[in-house]
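Taking this note's numbering, I'd label the letters of the sequence shown as residues 56 to 208.
Just so it is clear, CB atoms sit at the ideal spot from N, CA and C, and this is done for glycine as well.
Here the structure is a predicted model, which is why all the values come from computation and not from measurement.
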Amino acid sequence: AADMGVSKRAVGQVVTAYNAPFHQFIVTDVANQVTAGKVLRYQIQVQNNGPSDGRNVTIQENLPAAPVPGPVTFLRADGASCRPDSVNQQLLFCDLGDMVAGARETFDLYVLVDPSVPTGTLLTNTATALQSGSNVVPPGASPSMPTVARTSR
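Right, dumping it as structure tokens:
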């Protein structure tokens, strides 16, 4: 069977300042942080470490579901075809197709953080690589845990 590995990182839009003359917030992309009401990007990298090809590789992404119901909303994916589960919208399935031994795929998931999520909230989620033709489900990635940043004005 193929030995699939998953790694991920989070980069969020963080309000870093306020431009009073223009009446607008200044937003910067920051690793492992996000301001409530802004966009968070998860970059997911999948590696087939071999020795066999991975067939119908799918990434199961569990978006944060606590401490408030649905603190993030799936917006879109770039680099993979992703769809929310029909019952649990916080569960996504991203199809990568077949991956030959040694192949690496990277894609991005964009989510919108609910504006009501309190500052300092830890948004925990995991990604797991699944493949057909094997009874073994490879271990998931280490949780990506960005925190909701304080908005300064």
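About 19 Å separates the beta carbon of residue 88 from that of residue 62, a gap too long to meet the 8 Å contact definition. Per DSSP, residue 74 is one residue of the beta strand (DSSP E) stretching across 57 to 74. Boundaries of the beta strand (DSSP E) around residue 148: 146 to 154. Taking all protein chains in view, the Cβ of residue 142 is surrounded by fewer than 16 other Cβ atoms within 10 Å, so the residue is classified as exposed. In this structure residue 139 is not in contact with residue 127, their Cβ atoms being roughly 12 Å apart against a cut-off of 8 Å. The beta carbons of residue 66 and residue 96 sit about 5 Å from each other, so the pair counts as a contact at 8 Å. For the pair residue 84 and residue 90, the Cα-to-Cα distance works out to about 10 Å.
Residue 57 is positioned such that its CB atom lies no closer than 8 Å to that of residue 144.
With fewer than three CB-CB distances shorter than 8 Å, the segment 150 to 160 does not count as touching the segment 71 to 81. Closest option to residue 154, judged by alpha-carbon separation, among 68, 147, 108, 165: 108.
Note on the segment 87 to 130: whole beta strand (DSSP E) runs with a minimum of 3 residues are 88 to 90, 94 to 106, 109 to 117, in chain order. Beta-bridge annotation (DSSP): residue 162 is paired with 99. Shortest Cα-Cα distance from residue 179 to any of 146, 132, 150 involves 146.
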